[in-house]
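Here the structure comes first, spelled out in structure tokens, and everything after it is commentary.
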């Protein structure tokens, strides 16, 4: 149908084949009710769209998808408009006011589908089938835009721009070995996995809570994932030796971090959670391997006998948060690793030093002049040696008396103290 040319009246419209729409009305090329808008204006209840039919948005300028778009399973939607088709804040959805449902396959032949929200008006895209992108994109703009993916089987890569998109919420409920892969995303709200595997194929930041149902997998193999909210999970995480995970926020995570047993390696793990008591983060039942660094700025990490540090990796205690961090339950396995203390808060050493005391190297740039670092166990320092920068210091409790030791002049005077570092290499 060309331009604003309408089909109107009180008769029945039955669509079994292809309906091509050209209307550029701001409420939508298809509008519910008898408002006299868009291309189809007959009585709304007299419109029938049968499964297998196709709705094509093929205007010569930008179009809007609105409340009259069919929500019948099996109806294909095609975008064939170089100027794009938008679901925006002037249009009402077909699955509630704020949701546009694409009930069957979505084909982006020529042009993008754009979901546009605002600071106060939410707009969501719900997909129930598959996508053929043909190098076109689905874009999101405005802080209140969300995405729900239903259906079955592997969706493939969801076609957002590689440079990244920001959305409010993400929900995946895709059954029968369901999965979807996403490019770079910033998610301001929550992530909910009800069914299927969500693979983050680019750098991903999640500001809100993450919820994984049993049987689901959140995968970020080879990518960086940052989570700032709660983590509630009966599912699994998947990562690789080039993945990094950053956990921040103010509340302890409800669930432990359980990884797929064959994809249970991180390059880097960073924790900065400022809860004042109890465990902040717990490693789950499957061993987590860290190849490069574990950085604790704030929070309490319970490794539950399931953390392995690679030979030559580093544990960083960066004590700048509200409370000095600590490792509980047991020391990591593996190693030996490098140990670095930094930050502004003093604290007592703990399970970051293994029972054997063996470290590859020890360094401190901690600037706490009041308490420094209290050494609570013996050390065996390997070939990396001991580096104490600036006017930092260690303290050693000895028979109830506190002695200062190991300032930056440690190499000249360490033998004057009543305790020793047993070096396996250079000091």
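In the numbering used here, the protein residues as written are 334 to 760.
Built from N, CA and C at the ideal position, the CB exists for glycine as well.
Distance, residue j Cα to residue i Cα
i           : j           : result
residue 429 : residue 450 : 15 Å
residue 615 : residue 458 : 35 Å
residue 659 : residue 474 : 41 Å
residue 550 : residue 370 : 44 Å
residue 530 : residue 511 : 6 Å
residue 399 : residue 602 : 44 Å
residue 513 : residue 453 : 29 Å
residue 517 : residue 555 : 13 Å
residue 438 : residue 532 : 21 Å
residue 708 : residue 592 : 33 Å
residue 484 : residue 509 : 9 Å
residue 346 : residue 465 : 28 Å
residue 668 : residue 415 : 57 Å
residue 372 : residue 396 : 12 Å
residue 506 : residue 548 : 11 Å
Simplified DSSP state of residue i, which is helix, strand or coil
i           : result
residue 379 : helix
residue 732 : Residue placement at residue 732 is flagged as unreliable, the pLDDT there being 36, under the threshold of 50; a coordinate-derived value is accordingly withheld.
residue 370 : coil
residue 572 : strand
residue 667 : strand
residue 409 : strand
residue 301 : The first residue shown for the chain is 334 and the last is 760, placing residue 301 beyond what the model contains.
residue 636 : coil
residue 360 : coil
residue 323 : Outside the displayed range of the chain (334 to 760) lies residue 323, so it cannot be described from this structure.
residue 556 : coil
residue 414 : coil
Residue i: first and last residue of the uninterrupted beta strand (DSSP E) it sits in
i           : result
residue 652 : 647 to 652
residue 517 : Element bounds for residue 517: n/a, residue is neither H nor E.
residue 389 : 387 to 390
residue 449 : 446 to 449
residue 533 : 530 to 533
residue 348 : 346 to 348
residue 676 : 671 to 676
residue 539 : 537 to 539
residue 543 : 543 to 545
residue 552 : 550 to 552
residue 443 : 439 to 443
residue 418 : 418 to 420
residue 431 : No beta strand (DSSP E) holds residue 431; DSSP gives it neither H nor E.
residue 661 : 659 to 661
Residue i versus the options, residue with shortest Cα-Cα distance
i           : options               : result
residue 537 : 442, 474 and 499      : 499
residue 418 : 381, 454, 386 and 469 : 469
residue 691 : 377, 678 and 716      : 716
residue 348 : 385, 439 and 672      : 385
residue 515 : 487, 542, 527 and 540 : 487
residue 407 : 686, 453, 445 and 463 : 463
residue 679 : 664, 635, 630 and 568 : 630
residue 440 : 583, 671, 532 and 391 : 391
residue 503 : 356, 528 and 509      : 528
residue 621 : 662, 526, 661 and 574 : 574
residue 540 : 484, 525, 623 and 448 : 525
residue 772 : 633, 671 and 355      : Nothing about residue 772 can be reported from this structure: the residues present for the chain run from 334 to 760 only.
residue 677 : 684, 645, 409 and 697 : 697
residue 648 : 613, 688, 695 and 617 : 695
residue 447 : 588, 711, 412 and 495 : 412
residue 672 : 664, 693, 644 and 381 : 693
residue 627 : 401, 580 and 587      : 580
residue 375 : 383, 365 and 382      : 365
residue 790 : 415, 471, 472 and 481 : Any answer about residue 790 is impossible in this case: the structure gives the chain only from 334 up to 760.
residue 290 : 506, 646 and 519      : No answer is possible for residue 290: the residues shown for the chain start at 334 and end at 760.
residue 636 : 661, 534 and 427      : 661
residue 561 : 546, 545 and 521      : 521
Closer than 8 Å: residue i CB and nearest the ligand ZN heavy atom
i           : result
residue 505 : In terms of ligand content, the structure shown is empty, and the ligand ZN therefore cannot be addressed.
Inset, instruction - Could you name each continuous alpha helix (DSSP H) segment of 4 residues or more that falls completely within the stretch 678 to 720, going from the start of the chain to the end? - result: none
Inset, instruction - Counting only runs of 3+ residues fully inside the stretch 460 to 524, write out the beta strand (DSSP E) ranges in chain order. - result: 471 to 474, 478 to 482, 485 to 491, 498 to 500, 503 to 506, 508 to 515 and 518 to 520
Inset, instruction - Would you list, in sequence order, the uninterrupted beta strand (DSSP E) runs of no fewer than 3 residues that lie entirely inside the stretch 575 to 613? - result: 577 to 582 and 592 to 606
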